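Using this note's numbering, read the sequence shown as starting at 106 and increasing by one per residue.
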Amino acid sequence: MHNHPGTVAILVYEGLCVFEFGIALEIFGLPRPELDIAWYAHRLVAVDPVPMRALGGIQISVDVGLEELENADTIVIPGWRSYREPPPQALLNALKSAHARGARLLSICSGVFVLAATGLLDGETVTTHWQFSDELAERFPLINVDPNVLYVDSGQIITSAGSAAGIDACLHLIARDFGTHVANSVARRLVMAPQRTGGQSQFIVAPVCTSPRNELSQVLQWSREHLHQSLSVSDMAARVAMSERTFLRRFIETTGLSPKAWLQQERLNRARELLETTNQSATSIAQACGYRSVESFRAAFRNAVGLPPSAYRERFGSPKVGRQASRVTVAETNPVTNAIWRTATA
């Protein structure tokens, strides 16, 4: 038996998205006797006066208000009713207070706008639905927004991408609390894959720091500008005057990836961009992205994306399709090929 994981408070408000609310309620509120463990306690917490109407006109009545957050170990913020509408100050104060005493905060989709308004995300890397990523970055310039991942785990705060990505984030939290075997069991109950990308590649364990104060930020930028070259750990370490051993340790702490895996990820990102936005040949793209041959490029691309470069361009290279939208639509709707966004190839 595991120790009790505590109480999960799920916020309820006027205009609530019932799908994202349902994710949290299904995962944390449904008893799991088959697991033979002490499961989460859950409380529904009203942000607005009751009764509240969710999307579709569903009426929800909740018995407790924001004071209940004082007792919560984890707080789930489903998609906010409108990213243009500032959250109530009482809610922001309650979330900041909960965070200060150690409660975990998990947002789904546009729920990240609520967390952003608290100031708790300043200097952090977060994600949200691709449709809102530009708006989030523009309104909160101190936040690093990564639109390409299903969720970001920063330790005490977890943010997920749009809609169904909330399931991935919640399963990840279960894995943190109970281990992957329990998370896998819950995923089977939900009839979905436990991890929708290979291995640990679907999330950032340690957010990438792009601040000039980070001594590795310059080598990350330099490497992106020299992807066409054959880059080694020694080359990268020399840029910041570190030993290879120290550089490797700090690189993994900063990015969550080995240099080799990070370079592979960046090369694939560049290749996707060129396939989506240019008519360059596969040979030209392979050279621009630092692959030794067009054959190795095609093999690496197909292994990561699930499509050969030519098929990817045919499907996602239309000039009528926004580059960012086409990218993340794949990541969020295709449980097989979304591994392309965070490929941690050893």
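Beta carbons: idealized from backbone N, C-alpha and C, even for Gly.
Given the structure is predicted, the values throughout are model-derived calculations rather than measurements.
Residues of the same chain with a CB within less than 8 Å of the CB of Pro191, apart from the 5 flanking positions on each side, are Ala222 in chain order. Annotation: Glu119 to Gly127 spans about 15 Å, alpha carbon to alpha carbon.
Residue burial annotation: His109 is exposed, with fewer than 16 other C-beta atoms found within 10 angstroms of its C-beta.
With distances taken between CA atoms, Ile262 lies nearest to Val181 out of Val338, Arg293, Val181. Asn249 is bridged by DSSP to Thr230. Bounds of any alpha helix (DSSP H) do not take in Ala151; it lies within the beta strand (DSSP E) bounded by 146-151. By the Cβ-count criterion, Gly161 is exposed, with fewer than 16 other Cβ atoms from all chains shown falling within 10 Å of its own Cβ.
In the three-state reduction of the DSSP assignment, Tyr256 falls in the strand class, which pools E and B.
Within the same chain, and ignoring the five residues on either side of Lys201 in sequence, the residues whose Cβ sits closer than 6 Å to its Cβ are Thr223. Under the three-state reduction of DSSP, Val291 is assigned to helix. Note on geometry: alpha-carbon atoms of Ala199 and Pro252 lie some 27 Å from one another. DSSP places Ile279 inside the alpha helix (DSSP H), whose first and last residues are 270-283.
Thr112 carries a strand assignment under DSSP once its states are collapsed to helix, strand and coil. Relative to Ala393, the option among His331, Leu211, Val410, Leu247 whose CA is nearest is His331.
DSSP assignment within the region 163-215 yields the following whole alpha helix (DSSP H) runs of 4 residues or more, N-terminal first: 194-205.
Ala146 and Pro364 have their C-alpha atoms spaced approximately 41 Å apart. Of the candidates Met297, Gly267, Ser259, the residue whose Cα lies closest to the Cα of Leu276 is Met297.
Straight through space, the alpha carbons of Ile213 and Ala366 are spaced by roughly 28 Å. Gln323 is classed as exposed because its beta carbon has fewer than 16 other beta carbons within 10 Å across all chains shown. When C-beta atoms of the region 202-209 are compared with those of the region 228-248, fewer than three pairs fall below 8 Å, so the two segments do not count as touching. When the alpha-carbon of Glu131 is set against those of Thr383, Leu140, Arg209, Ile272, the nearest one is in Ile272. Pro136 counts as exposed, since fewer than 16 other C-beta atoms from the protein chains shown sit within 10 angstroms of its C-beta. Going by DSSP, Thr223 is part of the alpha helix (DSSP H) stretching over 217-223. Taking the C-beta atoms as reference points, Leu241 is found nearer than 8 Å to Phe218. Spanning the alpha carbons of Asn249 and Leu226 requires a straight line of approximately 9 Å. Around the C-beta of Thr351, fewer than 16 other C-beta atoms lie within 10 Å, and the residue is accordingly described as exposed. Around Glu320, the same chain offers Val345 as residues with beta carbons nearer than 6 Å, after the five sequence neighbours per side are excluded.
Ile263 has Leu211, Asp258 as its beta-bridge partners, per DSSP. Per DSSP, the unbroken alpha helix (DSSP H) holding Trp367 starts and ends at 364-382. Straight-line measurement puts the Cα of Val152 at about 11 Å from the Cα of Asp168.
The beta carbons of Ala129 and Pro183 sit closer together than 8 Å. By alpha-carbon distance to Ser265, the top candidate from Ser238, Arg420, Ile163 is Ser238.
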